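Undergrad: Top to bottom, those sequences are chains V and L. What the first sequence shows, in the working numbering, is residues 1144 to 1255, in sequence order. What the second sequence shows, in the working numbering, is residues 59 to 172, in sequence order. I'd like to ask some things about the structure below.
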Amino acid sequence: GDSVTQMEGPVTLSEEAFLTINCTYTATGYPSLFWYVQYPGEGLQLLLKATKADDKGSNKGFEATYRKETTSFHLEKGSVQVSDSAVYFCALRETSGSRLTFGEGTQLTVNP
Amino acid sequence: GAVVSQHPSRVICKSGTSVKIECRSLDFQATTMFWYRQFPKQSLMLMATSNEGSKATYEQGVEKDKFLINHASLTLSTLTVTSAHPEDSSFYICSARGQQETQYFGPGTRLLVL
């Protein structure tokens, strides 16, 4: 079945550091890929998405590129801020259905 | 963007009582709603998928008689935890999907059963 694997957390960075959170997936078809962010005590918010190979999703300085050859969708940001502290979830959705499959989530803490 | 609300945001109840959680899509019609459960520092676990006007489809291992889901209209779904016990304490999150593919998530409801 489908699965999503994220790098284990927690990740702790200083403000303005470069961020990478790795995400790889297993799917039978050609899924759409997503990154969601969850701030403390809140539900999930869609951060960015990509629907086909080589697409790059971007939002709020975050980027992720859909790499079919490596089945990856790594999240990056060039300069993190304290306000980026949250849990980040990688997810996929098969083209034939509507359910999302989530990774385990990666806790990011950014210190001033 | 689209907004999904949940009510209540936090509830504490005694063991053996039932708790109802509402999920509303505020500015779009949600043909499909999803209910998730999230344990501390873990990912979301899909409990069930519901389509407006039909019975919910439950994931394997989720007791449908314990977690009653009703999707009576295109803007409202409810999850009722019946005869709640301490092990049911968790963070419950709903999401809604309309004509667009994007799923929008509610802010979650934290349930504590004493």
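No residue lacks a Cβ here, since even glycine has one placed at the ideal position from N, Cα and C. Source: prediction; values computed, not measured.
1. Whole-angstrom Cβ separation of Ala1234 (chain V) and Leu1251 (chain V), contact assumed at under 8 Å?
2. Can you pull the chain V residues whose beta carbon is under 9 Å from the beta carbon of Pro165 (chain L), in chain order?
3. Using beta carbons (cut-off 8 Å, strictly below), is Leu1191 (chain V) in contact with chain L?
4. Taking the beta carbon of Arg68 (chain L) as the centre, do at least 16 other beta carbons fall within 10 Å, making it buried, or is it exposed?
5. Alpha carbons only, please: which of V:Glu1247, V:Lys1211 and V:Glu1158 is nearest the one belonging to Tyr1179 (chain V)?
6. Using a Cβ-Cβ cutoff of 7 Å, what residues of the stretch 1200 to 1215 of chain V are near chain L? List them in chain order.
7. Residues in its own chain within less than 6 Å of Glu1159 (chain V) by CB, not counting five upstream and five downstream?
8. Please give the ranges of any beta strand (DSSP E) in the stretch 97 to 137 of chain L, keeping only runs that are unbroken, at least 3 residues long and fully inside the region.
9. Count the other C-beta atoms from every protein chain shown that fall within 10 angstroms of the C-beta of Gln100 (chain L), then say buried if there are 16 or more, exposed otherwise.
10. Assign Ser153 (chain L) to buried or exposed, taking buried as 16 or more other Cβ atoms, counted over all protein chains shown, within 10 Å of its Cβ.
11. Using 8 Å as the threshold, is the C-beta distance between Thr167 (chain L) and Gln64 (chain L) below it?
12. DSSP three-state label for Val1225 (chain V), please.
13. Looking only at C-alpha atoms, which of V:Thr1167, V:Asp1145, V:Val1225 and V:Glu1206 sits nearest to Glu1151 (chain V)?
TA: Inspection of the coordinates gives the following:
1. With a Cβ gap of about 16 Å, Ala1234 (chain V) and Leu1251 (chain V) do not count as contacting.
2. Gly1184, Glu1185 and Gly1186
3. no
4. exposed
5. V:Glu1247
6. none
7. Ser1222
8. 102 to 109 and 125 to 131
9. exposed
10. buried
11. yes
12. helix
13. V:Thr1167
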